[in-house]
Structures are given as C-alpha cells and as structure tokens.
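Worksheet: one structure, shown below.
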Amino acid sequence: CSSDLTNILLLGVDENKSKNSSAWQGRTDFMMILSVNPASEKLIALSIPRDTQLDKEIFGFSRINSANSIGGIDAAKSTVEKLLGIKIDNYLLVNIEGFKKIMNLFGDMKIYVPKNMKYEDHKAGLSIDFKPGLEKMNSEKMMEFLRYRDSEDGDIGRIKRQLIFFRAFIHNLKFNEILVRLPYLLDQSNNFFLTDLKEDEAIQLTKSFVKIADKSFESFILPGDFAKDGYWKIDYPDMNRLLEYIKQTS
Numbered sequence: 014c015s016s017d018l019t020n021i022l023l024l025g026v027d028e029n030k031s032k033n034s035s036a037w038q039g040r041t042d043f044m045m046i047l048s049v050n051p052a053s054e055k056l057i058a059l060s061i062p063r064d065t066q067l068d069k070e071i072f073g074f075s076r077i078n079s080a081n082s083i084g085g086i087d088a089a090k091s092t093v094e095k096l097l098g099i100k101i102d103n104y105l106l107v108n109i110e111g112f113k114k115i116m117n118l119f120g121d122m123k124i125y126v127p128k129n130m131k132y133e134d135h136k137a138g139l140s141i142d143f144k145p146g147l148e149k150m151n152s153e154k155m156m157e158f159l160r161y162r163d164s165e166d167g168d169i170g171r172i173k174r175q176l177i178f179f180r181a182f183i184h185n186l187k188f189n190e191i192l193v194r195l196p197y198l199l200d201q202s203n204n205f206f207l208t209d210l211k212e213d214e215a216i217q218l219t220k221s222f223v224k225i226a227d228k229s230f231e232s233f234i235l236p237g238d239f240a241k242d243g244y245w246k247i248d249y250p251d252m253n254r255l256l257e258y259i260k261q262t263s
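According to my numbering, the sequence shown is numbered sequentially starting from 14.
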C-alpha cells in the first residue's frame, strides 16, 4: 500500500439543509469510501450499506447510518475507521439539495438504466418512471435514479445504481470544466456540501480522477447479506480478504 493513497469518505444525508447547521447531522442514506492512488493509477470505491449492523457494545449504536446523526461527521469518520481498520484522510458530505445544485453545474448526463424502474410516493414527492437503456438525465432525474428502491433488490440494488451513476459521472468529467467550476463549488461549501478538502487538494484529486477513471476503476460492496431483521450482516472473513486486496492493489 503506497503512501500516495488517499481515502475519502463520501456521505449523502437525507435531510435538507436549514439555517441550523446540525441539519447536516441527518442519517446517512449513502456511504462510500473512495481510495485514490495517483502513483499506481488506481481508483477503488467501497460502498457500505446504510443498514450495516455494528456491535452496539463497541460502537454505541447498532446501525452504521446512525453514526452521523449521533455524532456528526467526526463520529461517521471514526466509525468507518474502527470498522475497517483504515485511515480516512478527507470527507465530503452532501444533502439532496446540494447534490442537485452541484449536478446542475455539470449539466445533463447519460446514465444506463438497468431495468424498468417505476415508483410513486406522493408524500415524498416522488414519481419515478425509467425504461431500461441509456437515458439522458438532469439533476432531478439523477436524484430519482439514485433514490429509487424496490422490494426486489432493496438497498443493494440502490447501491449498484449509485455505482452506475458514479462511473458515468467520472467518465463524463472534463478536467477543464471542473477547474472553472471548482473555486465556485468550494466557495459554496456549507451551502451545497461539507468537506475538509482544501482547493489545491481538490484540484489534485480531480486531476487524478479524470486521469485514472477510464484506466482502472473498481467498485465493491461491503461483503455480507441481509438478515430477517433488516440489518446488513457483515461477512467478516470476506471483508478482511477484500480490504487486504484493496490494500495490495492500491
């Protein structure tokens, strides 16, 4: 494992931002570790299901998506570090409105829809209807694609779609476009998102993303399976094998 490796914790919170900054402390709907190594030109994404079960005696709570709501970003970071035995170097936390605003800056994008996706939830203001194949999406449609969930494949299906989106997003990145938008984006930190990345770090990492993405991007889901109680029960031997692979590869 090279010292050039950077582990970034990406978090999506379901609540919208209000004047009260603790609104960032919602439960996380999305959790991913992005491991970037410019030297070995490796980019690895590890998604953590939001219902991942934790040992309450060790962590103080039993579901990983509670970490941010209980203790904010510091608790989310330390929970992931303790669970996986890795160091988190930086974080990026975004909410629904922030995601839409960021994606509006980058414009529409073509995303592969893996299956028929139809869902109505008038209470949540959701009316989703996608057909299989490549679909041009604006930020609103992207959000629908990411939030869609059904009984057939549940949260794991949603994570797979998050990874489809992430691949498409990285594939579509044009470094010059980002360079123009980055200062504005970072200036909007606290409105659109929270991060501890400084501007020069963000530029370097973006360069790496653009350079590496088409060469070597691997994605994984934390090994485990759903139990009858709705928890994602970690397969620890498989998890350790995967973490060792990531360590050796990157």
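C-beta: ideal position from N, C-alpha, C; glycine also.
For I124, report the span of its beta strand (DSSP E) as first-last.
M122 to V126
Please check the pair I61 and S48, which I expect to be a contact at CB under 8 Å, by giving their CB distance rounded to whole angstroms.
Actually they do not touch by this definition, with Cβ atoms about 13 Å apart.
Once the 5 residues before and after L2 are set aside, which same chain residues still bring their CB inside 8 Å of it?
It is not possible to answer for residue 2, since the shown part of the chain is limited to 14 through 263.
Tell me the residue span of the alpha helix (DSSP H) that contains N185.
G167 to N185
Give me the Cα-Cα distance between F179 and Y258, rounded to the nearest whole angstrom.
21 Å
Pairwise C-alpha distance: E165 and N65
According to the sequence shown, residue 65 is Thr rather than Asn. Rounded to whole angstroms, T65 to E165 spans 19 Å at the Cα level.
Counted within 10 angstroms of its Cβ, other Cβ atoms place R254 as buried (16 or more) or exposed:
exposed
With DSSP as the reference, identify every bridge partner of I21, one or two as the case may be.
L47 and N103
Three-way DSSP call (helix, strand, coil) for I225 in this model
helix
Alpha-carbon spacing of S202 relative to S232, whole angstroms
27 Å
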